[in-house]
Amino acid sequence: MLTKRQNLIETIKGGSPDRFVNQFEAINFIFRTPYSFRSPRPMQPGGTIVNSWGVTIQFQEGTPGPFPVHDEEHIVLKDVTQWKEKVPFPSLDFPQEEWDECAGFAAQIDRNEVFAAAMVAPGVFDHLHYLMGMEECLVSFYTEPEALKELIAAITDWELEYARLVCDNLKPDMVFHHDDWGSHRSTFLSPEMFDEFIFPSYKKIYGYYKSHGVELVVHHSDSYAATLVPYMIDMGIDIFQGCVDTNDVPGLIKKYGGKISFMGAINNGVVDVPNWTDELIAEYVEKTCRECGKFYFIPCCTAGGPASSYPGAFDAVTREIDRMSKLLF
0 MLTKRQNLIE TIKGGSPDRF VNQFEAINFI FRTPYSFRSP RPMQPGGTIV
50 NSWGVTIQFQ EGTPGPFPVH DEEHIVLKDV TQWKEKVPFP SLDFPQEEWD
100 ECAGFAAQID RNEVFAAAMV APGVFDHLHY LMGMEECLVS FYTEPEALKE
150 LIAAITDWEL EYARLVCDNL KPDMVFHHDD WGSHRSTFLS PEMFDEFIFP
200 SYKKIYGYYK SHGVELVVHH SDSYAATLVP YMIDMGIDIF QGCVDTNDVP
250 GLIKKYGGKI SFMGAINNGV VDVPNWTDEL IAEYVEKTCR ECGKFYFIPC
300 CTAGGPASSY PGAFDAVTRE IDRMSKLLF
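For reference, each letter of the sequence shown is one residue, going 0 to 328 in numbering that gives the first Met the number 0.
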């Protein structure tokens, strides 16, 4: 029997997997970094924090996760041309002793069994709308393109410095990077605009990770992003995680399998709901696994981590994937 790590590699290489990779089982996240200690997140409904970028984030009751507060009082950057004065880039100057302590935890991961994954969130585009609000962010792509490019370049430089520190100290062999690039129906930017503004940043960021010991890049965007897959391949993404079913995942696998793999297709909006049932999840998971097949595909809930908003839903999906492995392998 293959290890979880080996089975993932066989799956994304089109080799000889002996079962489905079951959601996040082959990934052990490295959550402990000096930066993460200083950037709290409201992980429980009702929580509110101000993150290290000055963004107020609230986890409202009845919602699947935390999101920035963008009323007049709380928006950090109201005019993108003032980003140099208004955006408080967090310091990455931490004592080496703190990195050494975190490295000790990372070293405990059995890398023969799983991948040790650095977690990065939010990403470049998410930072923009966290700071500005979604409407002002998107309008700025048209009204202030040069100022926006300057801000994107500054965020990219910050990310590259963080990547250097993570790679030097924690030695991850995977990076799991969040950045949502669309809704369930469309991308936020046209492919041409994405290519002009966002692609160059990730070409640098993922190129750095790949050149410094990271074997696999997993990018989370629980959205429609089918039109961006060619750019994902070019920027070095190995696995597109969070691909909702509106992407026509079987079609993407047929077209791009071997160049990139797809992790998701089990839409949280369908299975992670208050009235979920074992029968609903069993039917949906079976349909998804049969349509997507054994290669270049990892069945997974589309959220960006191993949890569900409603108790039991994630575990039910896990059980059904195991059942489909026994049926199809």
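Glycine included, C-beta positions come from ideal geometry on N, C-alpha and C. Please read these numbers as outputs of a predicted model, since none were measured by experiment.
Beta bridge counterpart(s) of residue i as assigned by DSSP
i	result
I56	I48 and P67
N6	Answer is none; N6 lacks a bridge partner.
H176	V119 and H218
T186	G181
T30	This sequence places Phe at residue 30; Thr is not what is there. DSSP, once it has assigned bridges, lists no residue as partnering F30.
Cut-off 6 Å between Cβ atoms - residues of its own chain near residue i, not counting five sequence neighbours on either side
i	result
A146	V79 and T80
F58	P41, P44, G46 and P65
P190	T226
L7	V20 and A25
L169	I29, A102 and A105
H73	T55
Exposed unless 16 or more other CB atoms sit within 10 angstroms - verdict on residue i
i	result
D244	buried
Q22	buried
K3	buried
T47	exposed
P121	buried
F104	exposed
T62	exposed
E319	buried
L91	exposed
Y201	buried
G13	exposed
D271	buried
D237	buried
Q95	exposed
L326	exposed
V284	buried
F239	buried
F313	buried
Cβ pair residue i, residue j closer than 8 Å
i	j	result
I56	P67	yes
K181	Y223	Per the sequence shown, the amino acid found at residue 181 is Gly instead of Lys. For G181 and Y223, yes; Cβs fall inside 8 Å.
D172	E134	no
D178	T301	no
S260	F296	yes
N27	A153	no
Y255	M234	no
E219	G132	According to the sequence provided, residue 219 is His. The question's Glu does not apply to it. No, Cβ-Cβ distance for H219 and G132 is not below 8 Å.
V123	E160	no
L164	W82	no
D194	Y230	yes
G304	G241	no
A117	V49	no
F93	P39	no
A315	D277	yes
K209	V217	no
7 Å Cβ shell around residue i - same chain, five flanking residues per side excluded
i	result
Q148	At residue 148 the sequence reads Lys, which differs from the Gln that was named. Closer than 7 Å at Cβ, skipping near neighbours: F196.
L137	F187
S15	E9
T317	N21 and Q22
E60	P44 and G45
A281	E319
Beta-carbon contacts of residue i that lie in its chain and below 8 Å, excluding the five residues immediately before and after
i	result
E112	T2, K3 and R4
F350	Only positions 0 to 328 of the chain appear in the structure, and residue 350 is not among them; the question remains open.
V86	W52, G53, V75, L76, L130, L150 and A153
F198	Y230, D233 and M234
C291	V248, P249, I252, F261, A264 and P298
P273	Y309
D125	H177, D178 and D179
Next item on the list: Would you mind listing the beta strand (DSSP E) stretches within the stretch 278-315 that are 3+ residues and don't spill past its ends, in chain order?
Entry: Scanning the stretch 278-315 for uninterrupted beta strand (DSSP E) segments of 3 residues or longer gives 296-300, listed from N- to C-terminal end.
Next item on the list: Within the stretch 216-289, note down every full alpha helix (DSSP H) run reaching 4 residues or more, in order along the chain.
Entry: DSSP runs (the alpha helix (DSSP H)) wholly in the stretch 216-289: 228-234, 248-255 and 267-270.
Next item on the list: Please go through the stretch 79-121 and give each complete beta strand (DSSP E) segment of 3 or more residues, from N-terminal end onward.
Entry: DSSP assignment within the stretch 79-121 yields the following whole beta strand (DSSP E) runs of 3 residues or more, N-terminal first: 114-119.
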